[in-house]
Amino acid sequence: MAAVLATALALIAAVAKLSPWRGVRWVANIYIEVFRGTSLLVQLFWLFFVLPLPPFDVRLTPFSVAVLGLGLNIGAYGAEVMRGALSSVPRGQIEAAVALNISPFHRFFNIVLPQALANAIPPSTNLLIELLKGTSLVSLITLADLTFRANQLVEATFRTTEIFTIALVIYFVIAQAINLLMRLLERRLTRGIVRGHA
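Each residue of the sequence shown is one higher than the one before, starting from 0 at the first, in numbering that gives the first Met the number 0.
Have a look at this one:
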């Protein structure tokens with residue numbers, strides 16, 4: 000869920016950064032700079048411990064905090080990836096679409112976005128792995144993730160080396176699975192895309 004939120008926020012912020020309206024660009028820049036320029040751990044703590052206090056009085060479950068915190072953080076990094084990917088689409092294709100009187104909506108979703116998503120896959124893979132590693136921090140807001148369970152087992156059995164080695168291997172296997180899935184997705188997205196030049 001955090002990955003879906005991060006992807007949506009990255010795309011929205013990237014489009015906002017490329018907006019001709021200064022106010023929209025300003026809002027996008029603030030979001031990106033705040034969440035890229037501060038620690039993920041502090042962001043999670045702020046959402047979990049500060050939001051319930053006045054004047055906010057907003058109480059979120061640990062799961063909601065994890066999804067929101069990871070999504071906002073990775074989305075901010077992903078925004079720069081998506082901005083670069085959107086900008087990399089050959090200008091000539093966009094101009095040709097304008098000349099053919101294709102509407103801005105169809106121009107974006109049928110011409111620009113498919114190519115941008117394909118271009119964004121390699122750096123986005125790294126961000127998804129960063130998100131995976133970031134999940135280890137959610138144990139600090141009482142969410143029972145893999146790290147939390149590993150700690151519980153260590154406290155119960157005192158078999159520190161074996162348990163944390165297994166946890167490390169599990170994280171590694173998940174990361175490799177993400178790599179494989181993203182490569183398959185990249186192949187699927189690039190199939191049928193005609194590469195042009197600006």
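The beta-carbon is built from N, C-alpha and C at its ideal position, and this holds for glycine as well.
Taking the C-alpha atoms as reference points, what is the distance between G91 and R58?
49 angstroms
In three-state terms, what does DSSP make of M81?
Here M81 sits in helix by DSSP.
Label M0 either buried or exposed according to how many other C-beta atoms from any shown protein chain fall within 10 Å of its C-beta, with 16 as the threshold for buried.
With fewer than 16 Cβ atoms within 10 Å of its Cβ, M0 is classed as exposed.
Assign R90 to one of three DSSP states: helix, strand, or coil.
In the structure shown, R90 adopts helical secondary structure according to DSSP, grouped into three states.
Which residues in the same chain have their Cβ closer than 6 angstroms to the Cβ of E185, if we skip the five residues on either side of it in sequence?
I120
Whole-Å CB distance - L126 paired with I73, under 8 angstroms assumed:
5 angstroms
Answer yes or no: do A166 and A149 have a C-beta to C-beta separation smaller than 8 angstroms?
yes
Is the shortest distance between the beta-carbon of P54 and the beta-carbons of chain C less than 8 angstroms?
Going by chain labels, chain C is absent from the structure shown, which holds only one protein chain.
CA-CA distance, I140 and L43?
8 angstroms
Can you name the start and end residues of the alpha helix (DSSP H) that W45 belongs to?
It is not in any alpha helix (DSSP H) - W45 carries neither H nor E in the DSSP assignment.
Under the rule that 16 or more other beta-carbon atoms within 10 Å means buried, what is V169, buried or exposed?
The residue you asked about is not Val; residue 169 is Ile in the sequence shown. Flag for I169 reads exposed.
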